[in-house]
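Remarks on the structure that follows.
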């Protein structure tokens, strides 16, 4: 049971900051995803928590105590690598027992714990095999068992599922999640896949360019992203720039009335967004927040029809019922219900930079 | 709780830890320093002593530097009576012929081993690699009588053929690893684009393998260049190569002449090293070859 | 309905055998042919000298010779020591050189220099440096450590063959070292980092992670270094004693005697030499297979 605090954590390579002034509190037993595109500094953050990389600024605290000066091997932060990295010269059991052997534990005790842990990851009876005799998923489970058997304070996973195929990924997700919950271990995992982060994590910490963008529960990233950049990372495509005056946003396609549940961005330039499934199409003006638009294409998707419309200067996606048939050039009205509109900070400058 | 440090500003244990780390680092640096020194000394000192010796006219014990300098040793070395030029020519001819022969017989085999899977591949590899372990001297001794009968002793061709025994395995070893890293898909693409087999080789294959091929040829050359005992045997003492001229000077003979001939003898190796220093760092197979030279 | 199979053209089927033929011909004719011819001679079949009767006499002669066992022992001792010492120093050097530090690139470049240099050059340098009146002795004198050439340890033409071993090691340490360095670079730092997060100290990482990873590569260089040192002729001839000498030198001496009738004995020694290296090779393959299967 360990809580982890990252305080003003930063790491620079010369003038370039891989991670900059990162502050994050992770509660004991919590599972947090460090999410972001490749090269955003999430792996560097993980390495600083393990001690494999030394922070340039700030501190890493375990249960309120700084661990920056504690060498990796005594820190109790186990890292599971993306490439499972089973020691090729050892058997599965020797791999799993490695950490215990390093700690000088007796043979019988090691065997007992290894057997227990192999059972935990559903690999009983695989102890005498060698790494190359296992499938990718089995290797990953051995790597997980090897990390967990030492009862680490913190479990760190670097893209743990990236090398597995789609089906295996789902099984492994469940396994990792259930073991982590059962053991009540604090876990931080790195991923570039927002879907994986959403399904696995209690909370997500999103990073762009070495900087923390938003921290919150998975649903918050869909419903209430802070910026257009964050929203588009979560696959949102509907962005309409405008100017806010209190509860009204004037856009190139007309004025929109917004509810009181939106972010307090203040008056000035903002971006309006709404998820495709909350929008409706109508062929008459006068509906709630109905804006005129032109259909550019419509694709039948089975459960719905995905309609792309030109709305002012922007392209929006709308999920219409599957029965709807529309042709390019059709004039429609997109209705944006007040309660589903979300207003973002205008970060177009930052987006261009990426 | 972590045991080694306390939270916040209390500096005590933190400082102790960082000092311990510093001590560890200092120890590593000492080892590093010692290793680098040994490497530098063991490479530079022989080179320097060879140069000093070859230009020394008088060098009495215990002077660290020669008392009198002179070009006598070099003058003798380039004189016809020393047979250095004659043997240099023979060494070059033999090494070039060996390299050409290794290239001709080795390229197809290297390609087959590097790019194709076939039955008996391991067996073929085994046979081709045997001379790396089993001494070629024994084979050369055995074949000597056959070469006498065929009139191959004391000829450039005969000596080259014997040098081919240790040279071929290394040529094939390096080139097969070059071919293994080279995708035939590129050639197939070129074929579908209408290139003839010859043009494919000229414009696709050759540029892709040229640097590996250069390395393979250079050290095939060096393997032949460095041969001593097999040349003595098959050359019948009539065909003289550079190491054979050098040999009698080593130990008992004139040390200054020995040094100057040694410098000529080592020159191609140094040139090869400079030419290949980039590719050397990459693959162990390349170095495996050099290790045997 | 049966479909007619199209025949693979002969040219296609013969492609690989044809590609392999030239190289195999060289090795089979020159190398294996040479070994077989040598074996026949050692067994007494040597028509050129008027010998046509098969006999083991020459082997008995060779082995019964007092020199043989001493030479065999000397050869083994030198090859084993060179292999062992080279490996230890090479692994140490590789562990240092794989780190990045100011001057590491230059040091790695210098480390490679002995590789393409002929052994005879190594011997030449060892003589200049380590002779009793050599450069090291003179430097020793300048530092007041040595008074006369006789004070400097005689390590050339000595009983312990130290000069011979130094020459070999000058060449073999970089060879083994660069192979190990290449393995270390391909392995990368990740296994060590992983072991570190699992609580392994620096020492434990070396013993339990790094050494097992580089072991297979090290063993195969052992075989090459051992076999090479075992069969080298010129270095022990130049820097060793004339008695006891090594097997290759002894074989060649017998072989080169003016009277052709002493050739079979030299050949017998050479064949013993070859057989030992073949046994070594087989042992290595067994070892490699064993370590792969467990």
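Residue numbers (my numbering), protein chains in the order written: chain Y, 6 to 359; chain E, 153 to 445; chain R, 2 to 295.
Cβ coordinates follow ideal geometry from the N, Cα and C atoms, glycine included.
query: In the DSSP assignment, what are the bridge partners of residue 305 (chain Y)?
result: Answer is Y:310, bridged to residue 305 (chain Y).
- request: Assign residue 138 (chain Y) to one of two classes, buried (16 or more other C-beta atoms within 10 Å of its C-beta) or exposed (fewer than that).
  value: Under the 10 Å beta carbon count, residue 138 (chain Y) is surrounded by fewer than 16 other beta carbons and is classified as exposed.
field: Cβ contact (3+ pairs, closer than 8 Å) linking the segment 83-98 of chain Y and the segment 133-150 of chain Y
entry: Touching, yes.
- prompt: How do the segment 292-305 of chain E and the segment 28-39 of chain R stand: do at least 3 beta-carbon pairs fall below 8 Å, yes or no?
  reply: Segments in contact, yes.
- prompt: Where residue 173 (chain E) and residue 130 (chain R) are concerned, what is the direct C-alpha to C-alpha distance, given to the nearest angstrom?
  reply: Interpretation of residue 173 (chain E) is limited by its pLDDT of 42, a score under 50 that renders its predicted location unreliable; the figure taken from the coordinates is listed afterwards. Whole-angstrom Cα-Cα distance: 40 Å.
field: Cβ separation of residue 171 (chain R) and residue 201 (chain R), assumed to be a contact under 8 Å, to the nearest whole Å
entry: For residue 171 (chain R) against residue 201 (chain R), the beta-carbon gap comes to about 35 Å, at or over 8 Å, which does not count as contact.
- prompt: Just by C-beta distance, which residues in the segment 107-130 of chain R are closer than 9 Å to chain E?
  reply: Answer set for the segment 107-130 of chain R: 107, 108, 109, 110, 111, 112, 113, 114, 115, 116, 117, 118, 119, 120, 121, 122, 123, 124, 125, 126, 127, 128, 129, 130.
field: Residues in the segment 192-216 of chain R having any Cβ partner in chain Y nearer than 9 Å
entry: Only 192, 194, 195, 196, 197, 198, 199, 200, 201, 202, 203, 205, 206, 209, 210, 213, 214, 216 from the segment 192-216 of chain R bring a Cβ to less than 9 Å from some Cβ of chain Y.
- request: Using a Cβ cut-off of 8 Å (strictly closer), state whether residue 90 (chain Y) contacts chain R.
  value: Yes - at least one Cβ of chain R is within 8 Å of the one on residue 90 (chain Y).
message: On the CB-based measure, 16 or more other CB atoms within 10 Å of its CB, does residue 156 (chain R) come out buried or exposed?
response: Residue environment analysis places residue 156 (chain R) among the buried positions, since at least 16 neighbouring C-beta atoms fall within 10 angstroms of its C-beta.
- prompt: When you check each C-beta in the segment 73-84 of chain Y against every C-beta of chain R, which residues fall closer than 9 Å?
  reply: Of all residues in the segment 73-84 of chain Y, those with a C-beta nearer than 9 Å to a C-beta of chain R are 76, 77, 78, 79, 80, 81, 82, 83, 84, reading in chain order.
query: Since residue 3 (chain Y) and residue 8 (chain Y) are thought to touch, with beta carbons under 8 Å apart, how far apart are those beta carbons, to the nearest angstrom?
result: Here chain Y comprises residues numbered 6 to 359, so residue 3 (chain Y) is not present and cannot be evaluated.
query: How big is the Cα-Cα spacing for residue 183 (chain E) and residue 97 (chain R)?
result: Roughly 8 Å between the two C-alpha positions.
- request: Mind checking who residue 16 (chain Y) pairs with in its DSSP beta bridge?
  value: Looking at the DSSP assignment, residue 16 (chain Y) forms a beta bridge with Y:24.
- prompt: Along chain R, in chain order, which residues have C-beta atoms closer than 8 Å to that of residue 94 (chain Y)?
  reply: Here the neighbours are 213, 214, 216.
- prompt: Does the beta-carbon distance from residue 337 (chain E) to residue 206 (chain E) come in below 8 Å?
  reply: No; because the gap between Cβ atoms is not below 8 Å, this pair is not in contact.
task: Give the range of the beta strand (DSSP E) segment to which residue 274 (chain Y) is assigned.
output: For residue 274 (chain Y), the enclosing beta strand (DSSP E) stretches over residues 273-278.
task: Note down the Cα distance separating residue 25 (chain Y) from residue 18 (chain Y), rounded to an integer number of angstroms.
output: One C-alpha to the other measures close to 11 Å.
- request: Could you confirm whether any beta carbon from chain E is found closer than 8 Å to the beta carbon of residue 281 (chain R)?
  value: Using a CB distance cut-off of 8 Å, residue 281 (chain R) counts as an interface residue toward chain E.
message: Between Y:269, Y:153, Y:304, which has its C-alpha nearest residue 125 (chain Y)'s C-alpha?
response: Ranking Y:269, Y:153, Y:304 by Cα distance to residue 125 (chain Y) puts Y:153 first.
- prompt: Per DSSP, which one or two residues make a beta bridge with residue 256 (chain Y)?
  reply: In the DSSP output, where bridge partners are listed per residue, residue 256 (chain Y) has Y:247, Y:259.
- prompt: To which residues of the same chain is residue 402 (chain E) closer than 6 Å at the C-beta, ignoring the five residues directly before and after it?
  reply: 410, listed in sequence order.
message: Considering just the uninterrupted stretch of the alpha helix (DSSP H) at residue 331 (chain E), what are its terminal residues?
response: Residues 308-332.
- request: Reducing DSSP to helix, strand and coil, say where residue 246 (chain R) ends up.
  value: DSSP places residue 246 (chain R) in coil when its eight states are reduced to three.
query: So who's on the other strand from residue 29 (chain Y), going by DSSP bridges?
result: Y:11.
task: Pick out the complete alpha helix (DSSP H) segments inside the segment 204-242 of chain Y, 4 residues or longer, and give them in chain order.
output: Under the rule that a run must span 4 or more residues, the alpha helix (DSSP H) segments found entirely inside the segment 204-242 of chain Y read 223-228, 233-238.
- request: If I'm right that residue 177 (chain R) touches residue 87 (chain R) with Cβ under 8 Å, what's the distance once you round it to whole angstroms?
  value: Residue 177 (chain R) to residue 87 (chain R), Cβ: 5 Å. Contact.
Residue of R:42, R:63, R:62, R:93 minimising C-alpha distance to residue 53 (chain R): Residue 53 (chain R) has its Cα closest to that of R:42, out of R:42, R:63, R:62, R:93.
message: Taking a contact to mean a Cβ-Cβ separation below 8 Å, would you say residue 117 (chain R) touches residue 371 (chain E) in this structure?
response: Result yes, Cβ atoms of residue 117 (chain R) and residue 371 (chain E) sit closer than 8 Å.
task: Please name the residues in the segment 228-259 of chain R whose beta-carbon is closer than 9 Å to at least one beta-carbon of chain E, in chain order.
output: Of all residues in the segment 228-259 of chain R, 228, 229, 231, 232, 233, 234, 235, 238, 239, 240, 249, 252, 253, 256, 257 have a Cβ within less than 9 Å of some Cβ in chain E.
task: Check whether the segment 17-29 of chain R touches the segment 258-265 of chain E, taking contact to mean three or more Cβ pairs, one atom from each stretch, closer than 8 Å.
output: Yes, they touch.
- prompt: What are the residues that DSSP puts in a beta bridge with residue 181 (chain R)?
  reply: Beta-bridge pairing links residue 181 (chain R) to no other residue.
- request: Determine the direct distance from the alpha carbon of residue 233 (chain R) to that of residue 69 (chain R), and round the result to whole angstroms.
  value: Residue 69 (chain R) and residue 233 (chain R) have their C-alpha atoms spaced approximately 17 Å apart.
message: Using the Cβ count rule (16 or more neighbours within 10 Å means buried), how would you classify residue 177 (chain E)?
response: Low confidence applies to residue 177 (chain E): its pLDDT is 49, below 50, so where it sits in the model is not reliable, and the reading given next is rough at best. A residue is called buried when at least 16 other Cβ atoms come within 10 angstroms of its Cβ; residue 177 (chain E) does not meet this threshold and is exposed.
- prompt: Cβ atoms of residue 29 (chain Y) and residue 11 (chain Y): under 8 Å apart, would you say?
  reply: Yes. Within cutoff.
task: Pull out every residue of the segment 277-293 of chain E whose Cβ sits closer than 8 Å to any Cβ of chain R, in chain order.
output: Going along the segment 277-293 of chain E in chain order, one finds 279, 280, 282, 283, 284, 285, 286, 287, 288, 289, 290, 291, 292, 293 with a Cβ nearer than 8 Å to chain R.
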